[in-house]
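Visitor:
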Amino acid sequence: MSLSRVILITGASSGIGRATAVGLSKAFPSPSHPEPLVLALVGRRQDELEKTAQMCREGTKTEILSGDVSKESDVDRIFNTIKEKYGRLDVLFNNAGLNITGGKPIEDVDMDKFRQMVDVNLMGAVLNGSISAHSPRPNSTAYTVTKHAILGLTKCTSLDGRKYGIMCTQLDIGNAYTDLSAHSSKGTLQADGSIKVEPMMDADNVAKSVAFVAGLPKDADVLQFTIM
9 MSLSRVILIT GASSGIGRAT AVGLSKAFPS PSHPEPLVLA LVGRRQDELE
59 KTAQMCREGT KTEILSGDVS KESDVDRIFN TIKEKYGRLD VLFNNAGLNI
109 TGGKPIEDVD MDKFRQMVDV NLMGAVLNGS ISAHSPRPNS TAYTVTKHAI
159 LGLTKCTSLD GRKYGIMCTQ LDIGNAYTDL SAHSSKGTLQ ADGSIKVEPM
209 MDADNVAKSV AFVAGLPKDA DVLQFTIM
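Written as structure tokens, this is what we have:
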């Protein structure tokens, strides 16, 4: 059976990952189309992945693959499953990420949590960025470091992937409203020490951005894409 796209989304159990899965299920051909879409949903929480699948357009073919992207064995298992069942992977949306250092200044950051964020945000998330890759926020050392590192990783992957026909795009996402970011609606710490409420966009706009990049022909490569 011919497939329109086989798309893998990490961090699909909530937030932007969930919104993107739901959005992509509507953006590509309907389930009755002769070339249907396949969405492989990856995350650590099986029950939440199942909820994401239920939220997708009725009839959408979903593949639920629970795992931790910071563990190489889990990543190998996930990709081997996709290869065995579908023979290929067209789009990888590496969205999984953490921000668990509690908004502390650099001198108070817990190093164990810093390492955990590097494992997930950098080693496990290739290549979903953030505007923090360009404009850091106060008390965001660990998060900002991982996002700056991804910028270099994006460029190297794009360069080294050319001979394999692999295109790599870093999607830098601004304030997208999700359950995880709802607290920001009360105000965010600014560089001058003030707290200000910032505009927030619908997370569905991220899904539309991913769909746009995923739909480009192979001779078009978008290295960086900022939406905010």
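Its first residue numbered 9, the sequence shown is counted upward by one per residue in this note's numbering. Glycine residues also receive a C-beta, built at the ideal position from the N, C-alpha and C atoms. Given the structure is predicted, the values throughout are model-derived calculations rather than measurements.
(1) State yes or no: is the C-beta of V99 within less than 9 Å of the C-beta of I181?
(2) Going by CA-CA distance only, name the one from Y151, E58, F101, K91 that's closest to D118.
(3) Would you say A20 and V50 are within 9 Å of each other, going by their C-beta atoms?
(4) Below 7 Å CB to CB, which residues in the same chain sit around M9 once its five sequence neighbours on both sides are set aside?
(5) Would you kindly work out how many angstroms separate the C-alpha atoms of A61 and Q232, rounded to a whole number?
(6) May I have the straight-line CA-CA distance separating V230 from V214, to the nearest angstrom?
(7) Shortest alpha-carbon distance to T154 belongs to which of L224, Q54, E71, F122?
(8) In this structure, does DSSP put V99 in helix, strand or coil?
(9) Go ahead and pull the three-state DSSP assignment for E66.
(10) Under the DSSP definition of a beta bridge, which residues are partnered with M209?
(11) Going by the DSSP bridge assignment, what does I235 pair with across the sheet?
(12) Cα separation between L57 and Q178?
(13) Could you tell me the alpha carbon to alpha carbon distance between S29 and I17, rounded to whole angstroms?
(14) Could you pull out every residue in the same chain whose Cβ sits closer than 6 Å to the Cβ of E71, ignoring the five residues on either side in sequence?
(15) Would you call I24 buried or exposed, if buried means 16 or more other Cβ atoms sit within 10 Å of its Cβ?
(16) Just to confirm my understanding: we take D227, look at its own chain, exclude 5 residues before and 5 after, and list those with CB closer than 6 Å. What are they?
(17) Using three-state DSSP, classify A157 as helix, strand or coil.
(18) Tell me whether V50 sits in a helix, a strand or coil according to DSSP, three-state version.
Guide: On the basis of the coordinates in this document:
(1) No, these two residues do not count as a Cβ contact at 9 Å.
(2) Measuring from the Cα of D118, the nearest candidate turns out to be Y151.
(3) Using a Cβ distance threshold of 9 Å, A20 and V50 count as a contacting pair.
(4) Unreliable positioning characterises M9 in this predicted model, as indicated by a pLDDT of 40, which lies under 50. A coordinate reading is not provided.
(5) Straight-line Cα distance between these residues: approximately 29 Å.
(6) So the alpha carbons of these two residues sit roughly 15 Å apart.
(7) The shortest Cα separation from T154 among L224, Q54, E71, F122 belongs to F122.
(8) Strand at V99.
(9) In this structure, E66 counts as coil in the three-state DSSP scheme.
(10) Under DSSP, the beta-bridge partners assigned to M209 are A184.
(11) In DSSP, I235 forms a bridge with I181.
(12) Inter-residue distance for L57 and Q178 is about 24 Å (C-alpha atoms, whole angstroms).
(13) One detail in the question is off: residue 29 reads as Ala in this sequence, not Ser. Answer to the nearest angstrom: the Cα atoms are 7 Å apart.
(14) These residues qualify, in order along the chain: A48.
(15) Only buried fits I24, as 16 or more other CB atoms lie within 10 angstroms of its CB.
(16) Cβ neighbours of D227 beyond the five flanking positions: none.
(17) It is helical.
(18) Reduced to three states, the DSSP call for V50 is strand.
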